[in-house]
Amino acid sequence: MIGLRPGRVRRIAALAAHCDDIAIGAGGTLLTVCAAHPGVRVDALVLSGGGTEREDEERAALAAFCPGADLRLTVLKLPDGRLPAHWDEAKNAVEELRAAGDPDLVVAPHRGDLHQDHRGLAELVPTAFRDHLVLGYEIVKWDGDLGRPAVYQPLTPAAAEEKVALLQSHYPSQRHRPWYDPEAFLGLARIRGIECHARYAEAFHVDKLTLDLEN
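All you need for our numbering is the position in the sequence shown, starting with 1, plus 374.
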């Protein structure tokens, strides 16, 4: 496998349509980055769930997924499943996140996600983060939209298992869902690990990537 190392990560922007999306799609990566770069700033934006138990879950969960980080989380109150009807509010929120600083890394949904809220947010991200490394995370679900991602973050067994444990402990409101279980999350991580010669991994979609082969 060819590995690219972007250098020290000082700032991350993490975006999601729903509480738990970031943790499901990039929780292992956040654990890995925060362990390697103590004090990294993480600016997180979630478009729905504000003012509900979902926001409480998200705040506790991201604090656990970003240990030692300078975490700034905003959870809005857009209705679930209705992002297209609230396009301006979502667009303004993404632009405000971009104005807050210049991240070294952006994690967000990818455009091939079949959930309309995920896909809509994925369309907004490059309109604000135009010159950034954007990793589009994947979320296993009923729609069957897992594709062929090209970028992998290997996870140690400890990180993969911690991710699954944190998902189970911090999002009790989701445990009734038939797809929300440790077997599904660890199984996908194992498959992505096989694809990149690691035990476990998270995988991402990238639309654009600039190489610097002089350094």
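Cβ atoms here follow ideal geometry from the backbone N, Cα and C, with glycine treated the same way.
(1) Does the structure place the segment 546-564 close enough to the segment 433-453 that three or more beta carbon pairs sit under 8 Å?
(2) Using three-state DSSP, classify R415 as helix, strand or coil.
(3) When you compare the segment 569-586 with the segment 521-533, are there three or more beta-carbon pairs, one atom per stretch, that lie closer than 8 Å?
(4) Pair every Cβ in the segment 532-545 with every Cβ in the segment 578-586, then say whether three or more of these pairs are closer than 8 Å.
(5) Here's a check: name, in chain order, each residue in its chain whose Cβ is nearer than 6 Å to the Cβ of T403, leaving out the five neighbours to either side.
(6) Can you check the segment 474-548 for any beta strand (DSSP E) of at least 3 residues that lies completely inside it and give the ranges in chain order?
(7) Distance, Cα to Cα, V407 vs V414?
(8) In whole angstroms, what separates the C-alpha of E588 from that of A397?
(9) When you compare only the Cα positions, how much space is there between G425 and V514?
(10) Return the CA-CA distance between L419 and G377, expressed in angstroms with no decimal places.
(11) Measuring CA to CA, which of L498, G518 and R504 is closest to L488?
(12) Where DSSP assigns a beta bridge to Y574, which residues make up the other side?
Looking at the atomic coordinates:
(1) Because the criterion of three Cβ pairs below 8 Å is not met, the segment 433-453 and the segment 546-564 do not touch.
(2) In the structure shown, R415 falls within a strand segment according to DSSP collapsed to helix, strand and coil.
(3) In short, these stretches touch, since the Cβ pair count reaches three.
(4) Output reads no: the segment 578-586 does not touch the segment 532-545.
(5) For T403, the CB contacts under 6 Å within the same chain, skipping 5 residues up- and downstream, are Q527 and E576 in chain order.
(6) You should have 479-483, 508-511 and 525-529.
(7) Their backbone Cα atoms lie some 8 Å apart in a straight line.
(8) So the two alpha carbons sit approximately 35 Å from each other.
(9) If I take the Cα positions, the gap works out to 26 Å.
(10) Their backbone Cα atoms lie some 29 Å apart in a straight line.
(11) Comparing C-alpha distances from L488 to each of L498, G518 and R504 shows the shortest one belongs to G518.
(12) Y574 is bridged by DSSP to L529.
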